[in-house]
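Reviewing the structure listed below.
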DNA sequence: CGGGCGGCCTGGAGGC
DNA sequence: TGCCTCCAGGCCGCCC
């Protein structure tokens, strides 16, 4: 379940393996991802081009190519992007492969096919409809209590759902929304209309701290995530509440509870989240 | 326009 | 052992 930290860990792990490499061939085995993969367009954008940068916006990995195009990769739920030896056999669910000039292969594997691989013009990339409505990058200085408070505006919904809204803040998914609320001591069902300035600041700080801690530990590997070399993260051992229903809260010892909000699981501590 | 919800998709887990 | 159901959830589109 790759969220911002996992994509950031992936990005950093790919830099030494991809930067300066030339893509020699693009192979699409199954175009049926979230958006149909346009193999001809991918090849036109990437074949013969060097990789000159690796960026990230929200949960999207941005591969900057020489020329005027970038590759945009989203891991969805179960996507993995890894660099493997050129002779490695094609894996099940390996839908897209980029063959590199050093003989290696950049493999995109995604059993659930919620992911995305496409090429877009680099100029104005972030103005693309997929990025245009996104909220601030939480680790780029754009996330403050005031940002959150202003985004809340006249909204009245639960703060957990609010944090999951990419227009509010980019890159926060279910795991880190739960963890950040726990860190901030805020109940996931609390209405955003009933959060004071001081608590917005605490929440913004908690979101940043949670994401940074997860990146420092290589991300969270519950089922699928690995970095570009195939290595798992280990933040899952640091999760305070996520997927820990019934276990004691690491802060106050009361049992962690599971509820469902807008169709997805929320984990929190009824003792220290108010 | 905010917000809720279904659909997409497969593998793994759990029940019987 | 095998079959069934459910669940994981990012994102989009539809609806009220």
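Numbering (this note's numbering), first residue to last: 36 to 309.
Heads up, the beta-carbon is just placed ideally off N, CA and C, and yes, glycines get one too.
All values reported here derive from a predicted model rather than from experimental measurement.
- In the displayed model, residue 93 falls within coil according to three-state DSSP, outside both helix and strand.
- Nearest Cα to residue 57 within the set 68, 64, 143 and 100: 100.
- Only residues of its own chain outside the window of five on either side were considered, and among them 289 and 292 have a CB closer than 7 angstroms to the CB of residue 305, listed in chain order.
- Using a 10 angstroms sphere on the CB of residue 262, the tally of other CB atoms reaches 16 or more, which defines it as buried.
- Within the region 141-183, the runs of alpha helix (DSSP H) that reach at least 4 residues and sit entirely inside it are, in chain order, 164-167.
- Rounded to whole angstroms, the Cβ separation of residue 156 and residue 104 is 6 angstroms, and the two are in contact under 8 angstroms.
- Residue 123 places its beta carbon 8 angstroms or farther from that of residue 201.
- Under the three-state reduction of DSSP, residue 219 is assigned to helix.
- Counting other Cβ atoms within 10 Å of its Cβ, residue 213 reaches 16 or more and is therefore classed as buried.
- For the 8 angstroms CB-CB criterion, residue 278 and residue 260 do not form a contact.
- CA-to-CA, the gap between residue 296 and residue 196 works out to about 7 angstroms.
- 253 is the residue among 257, 271 and 253 whose C-alpha sits nearest the C-alpha of residue 40.
- Annotation for residue 250: 40, 43 and 44 place their beta carbon closer than 7 angstroms to its own, counting only its chain and skipping 5 residues before and after.
- Fully contained in the region 190-267 are the following alpha helix (DSSP H) runs of length 4 or more, in chain order: 194-199, 209-219 and 232-251.
- By the beta-carbon neighbour count (other beta carbons within 10 angstroms, threshold 16), residue 216 is buried.
- The region 136-149 makes contact with the region 57-76: 3 or more CB pairs, one atom from each, lie closer than 8 angstroms.
- In this structure, residue 232 keeps its C-beta atom at 8 angstroms or more from the C-beta atom of residue 218.
- The beta carbon of residue 309 sits closer than 6 angstroms to the beta carbons of 222 from its chain, once the five residues preceding and following it are set aside; these are given in chain order.
- Nearest C-alpha to residue 246 among 267, 205 and 235: 205.
- Annotated three-state conformation of residue 275 is coil, per DSSP.
- Out of 244, 300 and 294, the CA that lies nearest to the CA of residue 273 is found in 244.
- Judged by DSSP secondary structure, residue 41 falls within the alpha helix (DSSP H) whose first and last residues are 39-53.
- Around the beta-carbon of residue 211, 16 or more other beta-carbon atoms lie within 10 Å, marking it buried.
- Here residue 185 is not near residue 227, since their CB atoms are 8 angstroms or more apart.
- Residue burial is scored here from C-beta neighbours: residue 145 has at least 16 other C-beta atoms within 10 angstroms and is therefore classed as buried.
- Annotated three-state conformation of residue 106 is strand, per DSSP.
- Counting only residues of its own chain and dropping the five nearest sequence neighbours on each side, residue 171 has a CB closer than 7 angstroms to the CB of 177, 178, 182, 204 and 205.
- Taken atom to atom, the span from the alpha-carbon of residue 133 to that of residue 47 is near 18 angstroms.
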